[in-house]
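In this note's numbering, the protein residues as written are 161 to 311. This report concerns only the one structure given below.
Right, dumping it as structure tokens:
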């Protein structure tokens, strides 16, 4: 089983690549991440949201889907670890979605198995990618009972 991130937008900027690599070097199956960039729409507002959402939905299959959205549910790192581990234990791939500048439409929300908020604050997409890599690493360490995470 695997963890995949679908992200709308450009490739990682250099400073993000350096940070993500730091965590990716430590990630082991099934917590290793693959990153798939979905081109952003040339349109704006609802039209862009709809076009990007259709592209995202076309990549999902039967995966367990976690949508990152500031209006989602805030959870602790141990809860994230369990949220990721459960579908993996049931032989399902997990796809995490980072939408575009205009977000995603209701069809992606409806398809998501879980909508997760990193914070009620809105972060730049590049920063979200880095935070996500660290949190997946933290989830891996929690699942393995290693001391990276302190209560």
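We treat Cβ as the ideally placed atom computed from N, Cα and C, and that holds for glycine.
- Query: Under the DSSP definition of a beta bridge, which residues are partnered with residue 224?
  - Reply: 254
- Message: Between the alpha carbons of residue 292 and residue 166, how many angstroms are there, rounded?
- Response: Roughly 12 Å separates the two Cα atoms.
- Task: To the nearest angstrom, report how far apart residue 289 and residue 210 are at their CA atoms.
- Result: The C-alpha of residue 289 lies about 22 Å from the C-alpha of residue 210.
- Task: Give every residue of the same chain whose Cβ lies closer than 6 Å to the Cβ of residue 241, excluding the five residues on either side of it in the sequence, and list them in chain order.
- Result: Short of 6 Å from the beta carbon of residue 241, and not among the five residues preceding or following it, lie these beta carbons of its own chain, in chain order: 299, 302 and 303.
- Task: Report the partner residues of residue 197 according to the DSSP bridge assignment.
- Result: 167
- What first and last residue would you give for the alpha helix (DSSP H) that runs through residue 176? Here the alpha helix (DSSP H) through residue 176 covers 174 to 184.
- Backbone CA spacing between residue 189 and residue 248 [nearest angstrom]: 10 Å
- Task: Using beta-carbon positions only, say whether residue 272 and residue 227 come within less than 7 Å of one another.
- Result: yes
- Item | Cβ-based burial, residue 204 [other Cβ within 10 Å; buried from 16] | exposed
- Message: Here's the rule: buried if 16 or more other CB atoms are within 10 angstroms of the residue's CB, otherwise exposed. What is residue 255?
- Response: Label assigned to residue 255: buried.
- Sequence-distant residues of the same chain with beta carbon closer than 8 Å to residue 172, five excluded per side: 180, 195, 286 and 289
- First through last residue of the beta strand (DSSP E) which encompasses residue 149: Residue 149 lies beyond the residue range present for the chain, which begins at 161 and ends at 311; the question has no answer from this structure.
- If you draw a straight line from the alpha carbon of residue 264 to that of residue 253, how long is it in whole angstroms? 21 Å
- Message: With a threshold of 6 Å on Cβ separation, who are the neighbours of residue 201 within its own chain once the five nearest residues in sequence on each side are excluded?
- Response: 208, 211 and 212
- Whether residue 198 touches residue 215 by CB criterion (7 Å): yes
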